[in-house]
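K.L.:
In our numbering, the protein residues as written are 23 to 85. Cβ atoms here follow ideal geometry from the backbone N, Cα and C, with glycine treated the same way.
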Ligand SMILES: [Zn+2]
């Protein structure tokens, strides 16, 4: 299951969201509720394995 990271364009909060399907049009900021959020594609990762990661570098800040 992919987790996408989003950033609110209104308050600047960044948050993560599990995406179960391609219907991600209703993503809203958990802080201010706006739907003006952008997906940060560079931080996309997969739960339980890094299939898309080619570099075996240690995960940063994962605790
Ligand atoms: Zn917000």
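Give the DSSP-derived three-state secondary structure of residue 53 in the structure shown.
P.N.:
Reduced to three states, the DSSP call for residue 53 is coil.
K.L.:
So, is residue 30 buried or exposed, given that buried needs 16 or more other C-beta atoms within 10 angstroms?
P.N.:
The residue in question, residue 30, is buried, as its Cβ has 16 or more Cβ neighbours within 10 Å.
K.L.:
Among all the DSSP beta bridges, which residues are the ones paired with residue 38?
P.N.:
Partner(s): 27.
K.L.:
From the DSSP output, read off the bridge partner residues of residue 60.
P.N.:
Bridge partners of residue 60: 29.
K.L.:
Report all residues from its chain with a CB closer than 6 angstroms to the CB of residue 57; omit the five preceding and five following residues, and keep chain order.
P.N.:
Closer than 6 angstroms at Cβ, skipping near neighbours: 50.
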